[in-house]
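Undergrad: Before we start, here is the structure in question, set down as structure tokens.
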Amino acid sequence: MSLETIEHAYTFDDLLLVPAASEVLPNEVSLATMLTKSITLNIPLVSAAMDTVTEH
Numbered sequence: 198m199s200l201e202t203i204e205h206a207y208t209f210d211d212l213l214l215v216p217a218a219s220e221v222l223p224n225e226v227s228l229a230t231m232l233t234k235s236i237t238l239n240i241p242l243v244s245a246a247m248d249t250v251t252e253h
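My numbering puts the first residue of the sequence shown at 198, with every later residue one more than the last.
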């Protein structure tokens, strides 16, 4: 993917997670991370919520 094909990009200031009730049980959730189509990392991998870490 090249930069010319990216149509939307978001930063942490653009998004808001609103707490709400959920019917999902903790044992029904997968926190695995797909590194490639054939490689799965069975621990969550999340970017840090710090602009000095995730932005340029």
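Backbone N, C-alpha and C define an ideal beta-carbon position, used for all residues, glycine too.
Fair warning: this is a prediction, and the values are worked out from it, not measured in the lab.
Hey, Ile-240 and Leu-228: beta-carbon distance below 8 Å or not?
TA: The answer is yes: Cβ separation under 8 Å.
Undergrad: Excluding five sequence neighbours on each side, which residues of the same chain lie with their C-beta closer than 8 Å to the C-beta of Thr-237?
TA: Counting only Cβ-Cβ distances below 8 Å, and skipping sequence neighbours, we find Ala-229, Thr-230 and Met-231.
Undergrad: To the nearest angstrom, report how far apart Ala-218 and Glu-225 are at their CA atoms.
TA: In a straight line, the C-alpha of Ala-218 is about 16 Å away from that of Glu-225.
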